[in-house]
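Down below is the structure, laid out as structure tokens.
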Amino acid sequence: MSFIFSRNFYHLRNCLLISANIRLLGIHSNRCIVFLLRTFSDVTHRLPQTITPHIINLQFNISLASKEPKISYQYSDPIQLYQEQKEGDTIDQPATILVLDLGTTGLNSKTDKITEIAIRDVQGGMNSKFYTLVNREVTLKNHKRNELHTESGVPRMEEAIPELLKWVHSRQINGKPVIFVAHNGHCFDFPFFVRAFHEYGYQIPENWLFLDSLHLARQVLHDNGTKLKRGNHKLKDLVKFFNIVVEASAQKAMVDVNALCAVLQQMTFVSKLTSGDLVERAYTASRYSTRRSSE
DNA sequence: TGCCAGGCCCTCTTTAGGGCCTT
Numbered sequence: 001m002s003f004i005f006s007r008n009f010y011h012l013r014n015c016l017l018i019s020a021n022i023r024l025l026g027i028h029s030n031r032c033i034v035f036l037l038r039t040f041s042d043v044t045h046r047l048p049q050t051i052t053p054h055i056i057n058l059q060f061n062i063s064l065a066s067k068e069p070k071i072s073y074q075y076s077d078p079i080q081l082y083q084e085q086k087e088g089d090t091i092d093q094p095a096t097i098l099v100l101d102l103g104t105t106g107l108n109s110k111t112d113k114i115t116e117i118a119i120r121d122v123q124g125g126m127n128s129k130f131y132t133l134v135n136r137e138v139t140l141k142n143h144k145r146n147e148l149h150t151e152s153g154v155p156r157m158e159e160a161i162p163e164l165l166k167w168v169h170s171r172q173i174n175g176k177p178v179i180f181v182a183h184n185g186h187c188f189d190f191p192f193f194v195r196a197f198h199e200y201g202y203q204i205p206e207n208w209l210f211l212d213s214l215h216l217a218r219q220v221l222h223d224n225g226t227k228l229k230r231g232n233h234k235l236k237d238l239v240k241f242f243n244i245v246v247e248a249s250a251q252k253a254m255v256d257v258n259a260l261c262a263v264l265q266q267m268t269f270v271s272k273l274t275s276g277d278l279v280e281r282a283y284t285a286s287r288y289s290t291r292r293s294s295e
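Numbered according to full-length UniProt numbering, the first sequence spans residues 1 to 295.
Below, the structure written as structure tokens:
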């Protein structure tokens, strides 16, 4: 039992949420018992060896009272984008595609603050989702969300950026570009994102690219002769247009990320856009930092 | 519901105005 958990305990917990507790339900001395496992030492010291063959269930409890940073790395299913493949070809992934959504205190990237970061790698798999609340010092209008947001476990932006850099690097394919996709990203998410990096002395890596799915939708869905009218390219409109079912979640920004992943998938198939085409349509961070330096 | 900022895009443009879209 210890051997199994020594290899998997933290990995298992991190896949769920860094502040998650693991409950093990088993049979011991002919009685049903529950063990709450917070650390590996709980496994080695508190768990009776006799329970080993009688584990009947594992439960995962998300603890909101934890003092640990609340950055979560979660599993997601892969999103298959359109891939032009001829017989005998091997599939070449030209870039890592990360769908991004930010929560903020308002619309002005110069004066408002990021409060929530949600990113999903369309490749899917273990740790393919990055989610965190940030800037616990700011106050949200929504009282219930503000209670979660101001907890001590919520990292400051300068604490979250190094974790974000490490995570993106872990998703990168052999130094190939990373494309961040966001809806109305040109005017909203990307200026906030780039400005936050500069504010804390971080440079956006040169091979990070940015693609606005609103811009893309207006171009490709119009070119494709769809009946989507001008003024109907909100994320909700696209979700409805493609008959996508959106799952609810307490992680508000991740709901939109999941929706945009599905929308992006549909758009690439409707317009036969490969990942390589997305790379060609993406911009560098200088597009969003030029305005800042000229102020 | 409308406001907030601002880049994009469309229309009636040519010089500009206004709606879209994001929290």
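Every residue, glycine too, gets a C-beta built ideally from N, C-alpha and C.
Check                                                                                                                                      : Outcome
Sub-9 angstroms separation of Val-99 and Ala-182 beta-carbons                                                                              : yes
Length-filtered (4 minimum) alpha helix (DSSP H) runs lying within the region 162-214                                                      : 189-199
Check whether Ile-119 and Val-134 have beta carbons under 9 angstroms apart                                                                : no
Residue interval of the beta strand (DSSP E) (run including Leu-102)                                                                       : 96-104
Candidates Lys-236, Asp-92, Gly-175, Tyr-75: closest to Asn-184 by CA position                                                             : Lys-236
Member of Gly-175, Gly-276, Phe-241, Ala-253 whose CA lies at the smallest distance from the CA of Asp-101                                 : Ala-253
Contiguous alpha helix (DSSP H) assignments of at least 4 residues, all confined to the region 218-257                                     : 235-241
Through-space distance from Phe-210 to Lys-176, alpha-carbon basis                                                                         : 14 angstroms
Span separating the alpha-carbon of Ser-275 from that of Ile-79                                                                            : 12 angstroms
Glu-163 versus Ser-72 - alpha carbon distance                                                                                              : 11 angstroms
Ala-65, buried or exposed, once every other Cβ within 10 Å from all chains shown has been counted against 16                               : Any reading at Ala-65 needs caution, since the residue's pLDDT is 43, under 50, leaving its predicted position unreliable; the model's value is listed next. Ala-65 should be labelled exposed.
Contacts around Lys-272, its chain only, beta-carbon distance under 8 angstroms, and the 5 residues preceding and following it disregarded : Tyr-82, Glu-84
Supposed close pair Val-246, Val-255 - CB separation, criterion 8 angstroms                                                                : 6 angstroms
Val-138 versus Met-267 - alpha carbon distance                                                                                             : 36 angstroms
Proximity below 9 angstroms, CB of Ala-285 to CB of Ile-173                                                                                : no
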